[in-house]
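*Asks:* Protein chains in written order, with this note's numbering: chain H, 185 to 498; chain A, 185 to 498; chain X, 185 to 498.
Right, I'll just put the structure down here and ask away after.
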């Protein structure tokens, strides 16, 4: 593993998943790997789970960590090549990333999409600059289009919870009050469409289609009820439109997941990457039911990160 | 000890005090307790002493630490049960606390009172939610009504400084320009009214009475001069009104502690939790005198926290 | 070494430089020095390099670190002696620094000049208060007039890169869009005018003269081209006026360093403390050339700090 930015970087996902389960069973057993290593974490946007689970993952591995709130703690970054920097930006990302690479052994970076310029977002313009200028391995803590540590944690959660060989996993769109990135659903598709013991189904209102690059031909079922039939795991998530880029196409409250929606499933376990808007995306009854895995799922963020750090530092 | 939120949680205060003095004498001698442990610290409000002394306490104990500025670093939290989260709040405290519990072994949390809704504040509505949703031990870094780590540090300071068996300790109200919480004086009363080698007296202008739940029948003397007579230790602190909740009842500058006020004491040592408004609450002459213990007192915040962490992690 | 605030504090610079090169060659070889030690870092202003390189230096040395954004994380500080604190400031620097000294073994502090009150800035009013109230060794992370960790890193960079015994080093003023402090050029002069294997030349537009206290009689050449002739190393940096204090005297774009400017040098290596305004201070062609040492120079910030911490903690 050179960097970790998508499913493709994971290499053989079965090996990586096995490694994650071993690390979870013995979280402090790999500290020779992290000794004298420092994990740098840069956030261009707020974070709770990613920030803290990444720090904990570094600590478990016997490594140190630092966190930088880009912007608030340091300087405003210029992204454009060839810019004449006589305006508001104070430092070019070229220097910033190359410099920070010297203060750590792995660099985790969170960027967010513009949700305005689809081409810029989907070409991962910013993240690719980071990859270009970094001189240490880079971990995506969420980029403009993907959130691979989340999807890997989801995979760990499903794998350690499932009670039969093959399982049906459904990704369902959910309503929200704001226009959200497509990173989490894109990434969920990027991973789960490849898992050979998963029957993967995506359901959302028409017009909410994700980039086919990530859905990879997975079954899309516009009838939510039909999609959820017999499901073993349901991941709910809102996203804004990929077609009509960044727009909120639907607010349809009937898509909010409630016990009624779950009725036709195989007593499905419930997933959500968090933060979740209670009683907007998902009802309290679902989130507070024993079938909800959301806390365990967030807990597995430590082990997805720790496994990735282990691979990159070993 | 299960959590640490008040004097009652301290168990036998004599044993805890003894432990604190031993830890202070040998701060790095207990690192087997902190090994592979992480202390999570969440601040809903600014902090200097609590933030840094807690981090140092974790380090002394051989543990790691992370600090989260709730709000600035992460998401806006919803506190209400059953809320339909279609407004400004982005994550429910139920998830936030349960998730963060998985990224640490002890969770320290600072909340502040509203100073508007006495019932909400004095029922510790927010802090009790945190206790309810946490799955690891919780340490109050100051709640709506109490600041037990401060009072424990005060007790350590008095215990290690006193030169005779019994001492007279006076808590005196002091003027301020803003409406402040009652946490520190409540907590000081909560602790010092229980110490069997302390004669405890409270003095303040009429109308500044604290909640009797915390003063526990301690002597209240409205004449500051009389109260200070023969005092061995004086703790000065402003607080807003408990009766006329959150209001500034008095600005009376004659309550500002000066050498004149101290004249009738037994060469009293001076305490203040800091930050202190110089020449408003207390004069320079008091703060800069050799009898001032305020720096030592702040230093003992490391050892009150380290002792509590030691109890919770051992 | 008692504190580290200027070249004078460095003691014998040759010994310190030698130590830095040894530490760089074996960065984890001195962890007995940092064991159970904590480095406190206080920033009154944004920082990227200083913040992160200082944390990394502490980690390399086996020490722990904490970072405080003064103001944002904690309380507004009062600087004036004898102040009646009934306004916006919440804590006096006297308490703040004495308290923080108890939570660490070395205190790093960054302050910035006012650029309005030259006497206050050049008497290091704020930094001297910090030195006065601190009870542990203090490291300047940049003060009102100096940035010694940067200059020491520059010296390491030149020393490890130079290919002959004596080298010509030129500090050249560069244009900028804002009024910047004089710290970096002052400090560069403070150090390089003392190095016995350096021929040191300063070049800038007339009116941009630095404080002679720091230039110490070094050669000043107003003709940039002439100054650069035969140079082995060129450090570019903008600064505002010392004479007409804090004012921008020149924006002359002809001072921007380009390959043309470098033509007469001895294939000079290029230095800049960063952040740099690309194509305003220096052209892309210079920054992106193989002769640019700016990234290596920033990397050496780890080792200048680590060497200083080693001296102060040993």
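Every residue gets a Cβ at the ideal spot worked out from N, C-alpha and C, and that includes glycine.
Are any of the Cβ atoms in chain H nearer than 8 Å to that of residue 489 of chain A?
*Replies:* Numbered from its first residue, the second chain carries residue 489 of chain A at position 305. With 8 Å as the cut-off, residue 489 of chain A does not count as an interface residue toward chain H.
*Asks:* Consult DSSP for residue 375 of chain A and reduce its assignment to one of helix, strand or coil.
*Replies:* Here the question's residue 375 of chain A lines up with position 191 in the second chain. Helix.
*Asks:* For residue 394 of chain H, I'd like the list of residues in its chain whose CB is within less than 7 Å of its CB, leaving aside the five on either flank, ordered along the chain.
*Replies:* Position 210 of the first chain, counted from the start, is the residue given in the question as residue 394 of chain H. Taken in chain order, the residues that qualify are 366, 369, 370, 373 and 426.
*Asks:* I want to see whether chain A comes within less than 8 Å of residue 258 of chain X, judged by CB atoms only; does it?
*Replies:* Here residue 258 of chain X corresponds to residue number 74 of the third chain, with the count starting at 1. Judged by the 8 Å Cβ criterion, residue 258 of chain X is in contact with chain A.
*Asks:* Considering only the beta carbon of each residue, do residue 464 of chain X and residue 440 of chain X sit closer than 8 Å?
*Replies:* For the purposes of this step, residue 464 of chain X is taken as residue 280 along the third chain, with counting starting at 1. For the purposes of this step, residue 440 of chain X is taken as residue 256 along the third chain, with counting starting at 1. Cβ atoms of residue 464 of chain X and residue 440 of chain X: closer than 8 Å.
*Asks:* Which bits of chain X does residue 212 of chain A rub up against, with CB to CB less than 9 Å?
*Replies:* By one-based count along the second chain, residue 212 of chain A stands at place 28. Here the neighbours are 219 and 220.
*Asks:* What residues from chain X crowd round residue 248 of chain H, counting only those whose CB sits closer than 7 Å?
*Replies:* Counting from 1 along the first chain, the entry for residue 248 of chain H is found at position 64. Per Cβ cutoff of 7 Å: 243.
*Asks:* Tell me, to the nearest whole angstrom, how far the beta carbon of residue 424 of chain H is from that of residue 364 of chain H; I am working on the premise that it is less than 8 Å.
*Replies:* As a first step, residue 424 of chain H must be located in the first chain, where it is residue number 240. As a first step, residue 364 of chain H must be located in the first chain, where it is residue number 180. Yes, they are in contact, since the Cβ atoms of residue 424 of chain H and residue 364 of chain H sit about 6 Å apart, within 8 Å.
*Asks:* Which bits of chain A does residue 482 of chain X rub up against, with CB to CB less than 7 Å?
*Replies:* Locating residue 482 of chain X in the third chain gives position 298, where the first residue counts as 1. Simply none; closest approach about 26 Å.
*Asks:* At 9 Å on the CB atoms, spell out the chain A contacts of residue 240 of chain H, in chain order.
*Replies:* Translated into positions along the first chain, residue 240 of chain H becomes position 56. Simply 222, 224, 248, 250, 286, 287 and 288.
*Asks:* Which word fits residue 474 of chain H, buried or exposed, when buried means at least 16 other C-beta atoms lie within 10 angstroms of its C-beta?
*Replies:* Within the first chain, residue 474 of chain H is the residue found at index 290, counting from 1. Looking at its Cβ environment, which holds fewer than 16 other Cβ atoms inside 10 Å, residue 474 of chain H is exposed.
*Asks:* Our contact map puts residue 341 of chain X next to residue 458 of chain X with C-beta atoms below 8 Å; I'd like the distance itself, whole angstroms only.
*Replies:* The count along the third chain starts at 1 and reaches residue 341 of chain X at position 157. The count along the third chain starts at 1 and reaches residue 458 of chain X at position 274. At roughly 12 Å, the Cβ-Cβ gap does not stay under 8 Å, so residue 341 of chain X and residue 458 of chain X are not in contact.
*Asks:* Taking the alpha-carbon of residue 436 of chain A as reference, which of A:388, A:215, A:444 and A:397 has the nearest alpha-carbon?
*Replies:* Here residue 436 of chain A refers to the residue found at position 252 when the second chain is read from its first residue. For residue 436 of chain A, the nearest C-alpha among the options comes from A:388.
*Asks:* Using three-state DSSP, classify residue 275 of chain A as helix, strand or coil.
*Replies:* Within the second chain, the letter at position 91 stands for residue 275 of chain A. Of the three classes helix, strand and coil, the one that applies to residue 275 of chain A here is strand, per DSSP.
*Asks:* Pair every Cβ in the stretch 193-206 of chain H with every Cβ in the stretch 440-453 of chain H, then say whether three or more of these pairs are closer than 8 Å.
*Replies:* No, because fewer than three Cβ pairs between the stretch 193-206 of chain H and the stretch 440-453 of chain H fall closer than 8 Å, the two stretches do not touch.
*Asks:* Does DSSP classify residue 442 of chain A as helix, strand or coil?
*Replies:* Sequence index remark: in the second chain, residue 442 of chain A carries index 258 (1-based). The answer is coil: DSSP assigns residue 442 of chain A none of H, G, I, E or B.
*Asks:* Would DSSP call residue 346 of chain H helix, strand or coil?
*Replies:* Looking up residue 346 of chain H in the first chain gives position 162. Three-state result, residue 346 of chain H: coil.
*Asks:* Along the chain, which unbroken stretches of the alpha helix (DSSP H) at least 4 residues long are found entirely within the stretch 355-436 of chain X?
*Replies:* Counting only runs of 4 or more, we get 367-376, 396-399 and 408-412.
*Asks:* Measure from the alpha carbon of residue 275 of chain A to the alpha carbon of each residue in H:347, H:493 and H:468, then state which is nearest.
*Replies:* The residue given as residue 275 of chain A occupies position 91 in the second chain. Residue 275 of chain A has its Cα closest to that of H:468, out of H:347, H:493 and H:468.
*Asks:* Does the structure place the stretch 346-362 of chain X close enough to the stretch 318-334 of chain X that three or more beta carbon pairs sit under 8 Å?
*Replies:* Contact between the stretch 318-334 of chain X and the stretch 346-362 of chain X is absent, because fewer than three Cβ pairs lie under 8 Å.
*Asks:* Sorted by chain position, which residues of the same chain lie with C-beta nearer than 7 Å to residue 235 of chain A's C-beta, five sequence neighbours on each side aside?
*Replies:* By one-based count along the second chain, residue 235 of chain A stands at place 51. Contacts found: 225, 227 and 251.
*Asks:* Could you tell me whether the Cβ atoms of residue 248 of chain H and residue 242 of chain H are closer together than 8 Å?
*Replies:* Counting from one through the first chain, the residue named residue 248 of chain H turns up at place 64. Counting from one through the first chain, the residue named residue 242 of chain H turns up at place 58. Contact: yes.
*Asks:* From the DSSP output, in three-state form, read off residue 473 of chain X for me.
*Replies:* Position 289 of the third chain, counted from the start, is the residue given in the question as residue 473 of chain X. Residue state, collapsed to three classes: coil.
*Asks:* Which chain A residues sit within Cβ distance under 7 Å of residue 276 of chain X?
*Replies:* Taking the first residue of the third chain as 1, we reach residue 276 of chain X at position 92. Per Cβ cutoff of 7 Å: 462.
*Asks:* With 7 Å as the limit, tell me which residues of the stretch 305-333 of chain A have their beta carbon closer than that to any beta carbon of chain H; keep them in chain order.
*Replies:* Of all residues in the stretch 305-333 of chain A, none has a Cβ within less than 7 Å of some Cβ in chain H.
*Asks:* Compute the Euclidean distance between the alpha carbons of residue 448 of chain A and residue 261 of chain X, then round it to the nearest angstrom.
*Replies:* Working through the second chain from its first residue, we reach residue 448 of chain A at position 264. Working through the third chain from its first residue, we reach residue 261 of chain X at position 77. Near 33 Å, if we compare the C-alpha coordinates of residue 261 of chain X and residue 448 of chain A.
*Asks:* Please return the same chain residues whose Cβ sits closer than 7 Å to the Cβ of residue 254 of chain H, not counting the five positions on each side in sequence.
*Replies:* Taking the first chain and counting its residues from 1, one reaches residue 254 of chain H at position 70. Correct list, in chain order: 226, 227, 228 and 261.
*Asks:* For residue 218 of chain A, name the three-state secondary structure that DSSP assigns.
*Replies:* Translated into the one-based positions of the second chain, residue 218 of chain A becomes position 34. In this structure, residue 218 of chain A counts as helix in the three-state DSSP scheme.
*Asks:* Can you give me the C-alpha to C-alpha distance between residue 404 of chain H and residue 385 of chain H, rounded to a whole angstrom?
*Replies:* Along the first chain, one-based indexing puts residue 404 of chain H at 220. Along the first chain, one-based indexing puts residue 385 of chain H at 201. The straight-line gap from Cα to Cα measures roughly 6 Å.
*Asks:* Run through DSSP, which three-state label would residue 238 of chain X get?
*Replies:* Along the third chain, one-based indexing puts residue 238 of chain X at 54. DSSP places residue 238 of chain X in helix when its eight states are reduced to three.
*Asks:* In chain X, which residues lie with their C-beta within 7 Å of the C-beta of residue 266 of chain H?
*Replies:* For the purposes of this step, residue 266 of chain H is taken as the residue at position 82 of the first chain. The answer, in chain order, is 468.
*Asks:* Could you tell me the distance, in whole angstroms, from the CA atom of residue 492 of chain X to the CA atom of residue 498 of chain X?
*Replies:* By one-based count along the third chain, residue 492 of chain X stands at place 308. By one-based count along the third chain, residue 498 of chain X stands at place 314. The straight-line gap from Cα to Cα measures roughly 10 Å.
*Asks:* Taking only the alpha-carbon atoms, compute the straight-line gap between residue 496 of chain A and residue 215 of chain H and give it to the nearest angstrom.
*Replies:* By 1-based counting over the second chain, the position of residue 496 of chain A is 312. By 1-based counting over the first chain, the position of residue 215 of chain H is 31. C-alpha separation (whole angstroms): 24 Å.
*Asks:* For residue 296 of chain H, which three-state DSSP category applies?
*Replies:* Walking along the first chain from the start, residue 296 of chain H turns up at place 112. In this structure, residue 296 of chain H counts as coil in the three-state DSSP scheme.
*Asks:* I want to verify the contact list: residues of chain A whose CB lies under 7 Å from the CB of residue 450 of chain X, in sequence order.
*Replies:* For the purposes of this step, residue 450 of chain X is taken as residue 266 along the third chain, with counting starting at 1. Going along chain A, no residue has its Cβ under 7 Å from residue 450 of chain X, so there is no contact; the nearest lies around 49 Å.
*Asks:* Please report the distance separating the alpha-carbon of residue 354 of chain X from that of residue 297 of chain X.
*Replies:* Sequence index remark: in the third chain, residue 354 of chain X carries index 170 (1-based). Sequence index remark: in the third chain, residue 297 of chain X carries index 113 (1-based). Taking the straight line joining both Cα atoms gives about 25 Å.
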